[in-house]
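The numbering of the sequence shown is the UniProt record's numbering, which starts it at 1 and goes up by one.
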Amino acid sequence: MITKGEVIPLLTDASPSFQYDEEVNTTTIEGLQQELKRFASHLISLEFNNQLAHESEIFETIERLYTEGEAEVKESITIGLFETMYEMLSEQHITSEEIGRLLKPHSFKWWKTIEQFNKLS
1 MITKGEVIPL LTDASPSFQY DEEVNTTTIE GLQQELKRFA SHLISLEFNN QLAHESEIFE
61 TIERLYTEGE AEVKESITIG LFETMYEMLS EQHITSEEIG RLLKPHSFKW WKTIEQFNKL
121 S
């Protein structure tokens, strides 16, 4: 099982252009979600600049976090990463579908859950 402390190093390996804050304790849910919010901003920036589709390893890693991660890891990815990304879409003129088409099956399911929740709100 992938633990909270392993998430950011895995994502950084998948996207070396992301500079994480080494002072943040990512073994806590709060610290992990803080860094995932920063990573979400990084991904949206890549998509805005039409570079995200070239970063397929990111989506393999996110899928792996859903399939191999502890429950707290999955929750943190959904809340810290996906919710933050979803909130940033409209201000960057990016559609949910643009992100969704890059995701793998398990992560896509959770992305759609965030999308449906936001449509109900």
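Where a beta carbon is used, it is the ideal one built from N, C-alpha and C, also for glycine.
Note that this is a predicted model, so its numbers are computed, not measured.
| Asked | Found |
| --- | --- |
| Go ahead and label Gly100 buried or exposed: buried means 16 or more other beta carbons lie within 10 angstroms of its beta carbon, across all protein chains shown. | exposed |
| Residues in the same chain with beta-carbon distance under 8 Å from Ile114, minus the five sequence neighbours each way, listed in chain order, please. | Thr78, Phe82, Glu83 and Tyr86 |
| Examine the Cβ distances between the segment 25-37 and the segment 88-107 and report whether three or more of them are shorter than 8 Å. | no |
| Under three-state DSSP, which class holds Ile94? | coil |
| With 16 other CB atoms within 10 Å as the buried threshold, where does Phe117 fall? | exposed |
| Exposed or buried, which one is Lys4 when buried takes at least 16 other CB atoms within 10 Å? | buried |
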